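Engineer:
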Amino acid sequence: MEEKERNLLIEEIKQLERELYLKRSQLASKEAMEYGVTRPGLIGSGLNVEEWKKAITELINLIGMHSSGGNSVEDVCAER
C-alpha cells in the first residue's frame with residue numbers, strides 16, 4: 012500500500028469517526044431532553060452567570076451519562 016493511499020484511508024476513517032461522534036452526541040442530547048433531565052427555560056429565567064455555568068455543566072454531565080460514547084465534551088477536548 013502506498014503512503015498516499017494509506018493517508019487517504021486514515022483521513023476517511025477520521026471523518027467517519029467524527030460523523031459517528033456527532034450522531035451519538037445528537038442522540039444523547041435528544042434522549043436527555045426526552046427524559047426530562049434538562050432544566051427547561053434557562054433563557055429569560057433571570058439566572059446569573061454562575062447559575063448558567065452550573066446549569067450548563069449539569070447538562071453536559073447528563074448528556075455524557077446518556078451518551079454511548081461517554082462524556083462527549085471531554086472526548087473532543089482529548090481529541091484536540
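Residue numbers (the numbering used here): 12 to 91. We put the beta carbon where it would ideally sit given N, CA and C, even for glycine. Quick caveat, the model's predicted, so the values are computed rather than measured.
1) Report the three-state DSSP secondary structure of N59 (helix, strand or coil).
2) Looking at the secondary structure, which residues open and close the alpha helix (DSSP H) in which Y32 lies?
3) When you compare the CB positions of E43 and L73, do they come within less than 8 angstroms of one another, or not?
4) Compare the Cα-Cα distances from L70 to each of K41, E30, E13, E23 and report the closest residue.
5) How big is the Cα-Cα spacing for E23 and E16?
Structural biologist: Taking the definition as stated:
1) coil
2) 14-45
3) With the sequence shown as reference, residue 43 is identified as Ala, and Glu is not the correct amino acid for it. Yes, they are a contact pair.
4) K41
5) 11 angstroms
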